[in-house]
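Below is one structure, written out as structure tokens; comments come after it.
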């Protein structure tokens, strides 16, 4: 069985395991206060062009989302996000468990717009009963989105400007950030991501690390006592060095971009194949997730050899599915799949 | 600098890194539903003599404590524990953040007794205003305790019987379980730990793993939807296999006991040295944490070469400190310390 | 200014004030354990045909909703309700503040159907990732709804049967229950309300009391320690007798039905006037809230003499507004309004 | 049976009921935005000498405590208070239910000192692991305390100065404030209470109102969006006027002081009787709560005619009990009790 279900099927890039092995018996302080974390922080700040940013490392995405969001919002505030946003649909109510409502905005492709944020804000404050309604307190976006789509620089700057004007911190979930940055379809750089958000994270789990997300806070107002929040929410890894070592390995000499770029390239080969064969795509993704629509009969044939995720039934006969590539996808597996797509009946 | 501050200074036992490397490109399902986790579950159940137990793997201790406790208590219930208990003092209010009061019982050495639990229960229910008071809903103990002490079999069974009689699930925090089980001072076995608690966890982070805690639930009433809780609290690792692989390596052929036993032996050498030199011990520990009381002048000398933790000032001149050994402690470091203790002025 | 904004503009029915005055110096135990509360409980159980029900009194609606819901749900569960439901839109996130997601279902008129509940349930459990998604744990409906609409007996029994089958407690918010029961458009009785829900409340605040909601729990599984929840959520009134006295006065000899019936009748006079004049109604309400659509120019004329609530702008020229009658509405005010409607330009 | 159990046994001062009756059919906006509330706000600000203070009315004490505290603390902060404080022992964990730890300080008589606050603060920040420990975020005191004791002006100003220096808002629970202000044993005035706290409340429930607590926030940094918090926590009364009317009646012409003063005087007569008879007092209270220690045999005699609260057993033969007077206590009941105390065997 060749798996394309998701982008966390394997362990980590071998250089990470090597580095962990190499440093294994070095004694370091715990909780992210070691030299590897410090060096990784420097690399990140340099790469993102934000020398004064505040960087902390957490273990996973849900944990990071709930920690960041709970650290920003006041008790009666909620977080604006696309109705498709991970925090709204796939985190078992982790945000609500911290006491906050997720204020979902309609979205067809996983993205929301500056205009939607402005409207939600205006609607709230125009309501004579606004004290009876959850107050919008920040904005959450994912980039790439859960649908593989990307914000353009114009869209992101518009969002950021609107958020800044309205006093709503903009938080970018970059669980798959590498696949976005290396997409052919993007005009956003590391520096743009840092410049046009208040806080974002660099996903490690899905881009070559065993696990780990690096939170970068560029708005100094949001950093105070953030480590208390990490500890309280269960995200402070005792051996924090493991996170520092991994991000250092990924980021200090371009490994992150290299492996993400490769995965995107493989995804583009799949995308082209789907398009050539005439399969429509549910979302027009230029990242590592592809969402073709196939007849169920053909999906059944593919399932004998490949695993992938059923996304949604389109009708009785057709379904949209998701194929993911990742830093670990083998060219030979892509080729096998392309070849088998050629021969579907 | 030779560090004895804590038991999470290094990475992991080399066999764990080897196993992670060896399995690195195997594709597995995520979230702890892979074969390594399944095999680790079987090993644990076999070792603990609880074939029907329910086993899940989490990343760290605070996360595990808050997830287990929040899954058991009703909103108006609290958890009884020693005032020295980790959840009461060192988790930044993680339990309270889930909405529950920690009901602290006085303790001199980190342990609480069946009689204290019975009394807290009786006091609550005897109060005419009990509806205005947080209801005791479960009991938390750590073994070894934060002070290095151990429950005897008699004490643990008494606690368990009292808890069972009162309908209060007994939860044992085994962050350092290995060091307890391998202590010369214990009459408790793996099977006893499983038999005389309702839920406990086997600490990995402090006993040879990179990270990870294996929760074992023996009371079937406490297992329902537990994985929802893990996900909601940010504890469900995407690459859950990492936990399965680590616990399998540690537990399938005695590595866990071997490395924990070695660390306890080293701690005993330190303990004997302290006693021989006439240093009093704050707690009478037979595990990997030792709490000698030394003059501050001598501590200053030691600090030039060693790091350890200041536990508490006894008076103007003397302080209690903590020395930890671990699975990674080198015999040569123990010998150096012993020799330097011999030569303190 | 004659106000039709809402149904809590005045104090209380005079008989309530008389009864409070009459009993003022009687000494009673606090917290709802007095004889007035007990007698009110008996009257309610008798009236609803549920001799074994459990009855408690709370002060207000938001408080009641959050207390009941938090007492039923497990931490990872959410409450299904119409997207228009009070808990979803007008309680400042009170439910989320207890840690739970509100699972909003689309609704045009404030009601949801058994089929929607079934589908939400099926969708959840059919999802392979259901552990990553908030689990539906109960169903909340309001009757009358926030839009003045009513469930039919057929609809309510279908909902109840579906909920019972799926193990989802059905909670009916009866903040305006009296206006529903006395509507010409209903085939539901007190006994039906009690028979086809697991827990509901009888609204006092909007139907003649100074304040107060009487929670009736008919499913014995939901009563355990409910008073702890009330106290913890700040809903346990020290002088609980005030609630008992009010509900006793309202319910023991038909006052509640009398005043609610009168208000509905007045609302029907308004409704007929709107219809006769050719004003469309946003919702087809047979209760005390009416939602006519008028030209903004005419609304401006009305605003000189009357206050009412802007509900929603239909387009540039027309708006839907809300007129409420209540137990305190004067016939002369209704007549004045009808007459002025006749003369609008 | 003559009851001295507590200070909320009866309804309200008759002038309150009269005023409620008189205003009953006036139509007002809801939620505390009516003219009665506004006038009561003015009276309070005038009386307390804080023209710029922010005043809101809530229904009960637990609700007020949790709303104020949750509005001030950040998620990882706790509230310092006496271990005897109401929020620590008698509110079913309402504070913890908002996610915050109550940081209890030892107290013999219900009071805490500036030195204790300073020490708790210093201890926290001196700890190298302070990020793992709940951060002190504010201070809660009650005045009079749960034990009937009172802060002196010197003690309160010292507390306030320490709190201000440390950045910890000082919150005074004045559920029984009237009985404190009218005590012969106090040197604190209304203006002092307002001047030496950041937020406090004037208790209505126990001092002549049907219910209600008036929160006075003198630190402008604590007022932002406070009404959202009230609504979210279920404390925003629909007919907010009821609170305004009551506080206006109590405060506009000295009724509050008059009835509180009378109750304290009655309590002093009891106190003197106990002392004359040689009964020791558990706490030296100059307010409406008295805590004499009597032989159980005599308590049994008293119980035939009087009810009072068992406070604590002193030993096998003696118990401390609580007698409360209130605004509603009759002189004849005091005289009967004194006479019966004279004749105890």
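Residue numbers (this note's numbering), protein chains in the order written: chain L, 97 to 441; chain D, 97 to 441; chain U, 97 to 441; chain B, 97 to 441.
Here a beta-carbon is modelled for each residue, glycine too, at the ideal position from N, C-alpha and C.
Would you say the beta carbon of residue 280 of chain B is closer than 8 angstroms to some non-hydrogen atom of the ligand FMN?
Among the components modelled here there is no ligand, and therefore nothing to report on the ligand FMN.
On the three-pair Cβ rule with 8 angstroms, is the stretch 284–300 of chain D touching the stretch 137–151 of chain L?
no
Taking beta-carbon pairs under 7 angstroms, can you tell me which members of the stretch 301–314 of chain D lie near chain B?
none
With DSSP as the reference, label residue 371 of chain L as helix, strand or coil.
helix
Tell me which same chain residues have a C-beta within less than 8 angstroms of the C-beta of residue 130 of chain L, skipping the five on either side of it?
124, 336, 337, 340
Report the residue ranges of all beta strand (DSSP E) runs contained in full by the stretch 252–327 of chain B; include only those spanning at least 3 residues, in chain order.
266–269, 295–299, 309–313
Short of 8 angstroms in beta carbon distance, which residues of its chain neighbour residue 177 of chain L, apart from the five on each side in sequence? Order them along the chain.
183, 184, 198, 199, 200, 201, 208, 235, 236, 237
Closer than 8 angstroms by C-beta to residue 251 of chain B: which residues in its own chain qualify, once you throw out the five before and the five after it? Chain order, please.
207, 209, 210
Between residue 85 of chain B and chain D, is there a C-beta pair that is closer than 9 angstroms?
This structure cannot speak to residue 85 of chain B, because chain B is shown only from 97 to 441.
Rounded Cβ spacing between residue 321 of chain L and residue 172 of chain B (contact assumed at less than 8 angstroms)
6 angstroms
What first and last residue would you give for the alpha helix (DSSP H) that runs through residue 221 of chain L?
210–222
In this structure, how does DSSP classify residue 350 of chain D when only helix, strand and coil are distinguished?
coil
Three-state class that DSSP yields for residue 99 of chain U in the structure shown:
strand
For residue 126 of chain B, return the contacting residues in chain U, with the cut-off set at a CB-CB distance below 7 angstroms.
102, 104
Between residue 373 of chain D and residue 433 of chain D, is the Cβ-Cβ spacing less than 9 angstroms?
no
Only counting the same chain, and skipping five residues up and downstream in sequence, which positions put a Cβ closer than 8 angstroms to that of residue 195 of chain D?
166, 171
Please look up how many angstroms separate the CB atoms of residue 416 of chain B and residue 378 of chain B, rounded, as I've assumed it's under 8 angstroms.
4 angstroms
Does any residue of chain U bring its CB to less than 9 angstroms from the CB of residue 197 of chain L?
yes
Give the residues from the stretch 218–252 of chain U that approach chain B closer than 7 angstroms (Cβ to any Cβ), ordered along the chain.
none
Can you say whether residue 221 of chain U is buried or exposed, counting buried as having 16 or more other CB atoms within 10 angstroms of its CB?
exposed
Under three-state DSSP, which class holds residue 123 of chain U?
coil
Run through DSSP, which three-state label would residue 410 of chain U get?
coil
With a threshold of 16 other CB atoms inside 10 Å of the CB of residue 224 of chain L, please say whether the residue is buried or exposed.
exposed
Report yes or no: is there a C-beta of chain L within less than 9 angstroms of the C-beta of residue 418 of chain D?
no
Measuring alpha carbon to alpha carbon, tell me which residue in U:414, U:357, U:401 is nearest residue 390 of chain U.
U:414
Spell out whether any CB of chain L is found under 9 angstroms from the CB atom of residue 98 of chain D.
yes
Pick helix, strand or coil for residue 404 of chain B, following the three-state DSSP scheme.
coil
Relative to the C-alpha of residue 295 of chain L, which candidate in L:239, L:346, L:305 has its C-alpha closest?
L:239
Pairwise C-alpha distance: residue 283 of chain U and residue 249 of chain U
6 angstroms
Can you pull the chain U residues whose beta carbon is under 7 angstroms from the beta carbon of residue 166 of chain D, in chain order?
171
Cβ distance (whole Å) where residue 276 of chain D is taken to contact residue 346 of chain D below 8 angstroms
Not a contact, Cβ separation roughly 15 angstroms.
Please list, in chain order, the chain B residues whose beta carbon lies closer than 8 angstroms to that of residue 328 of chain L.
171, 172
Please report whether the beta-carbon of residue 333 of chain U lies at a distance below 9 angstroms from any beta-carbon of chain B.
yes
So for residue 164 of chain L, helix, strand or coil by DSSP?
helix
Which residue's Cα is closest to the Cα of residue 407 of chain U: U:157, U:385, U:426, U:422?
U:385
Assuming residue 164 of chain D contacts residue 311 of chain D under a Cβ cut-off of 8 angstroms, what Cβ separation, rounded to an integer in Å, is found between them?
6 angstroms
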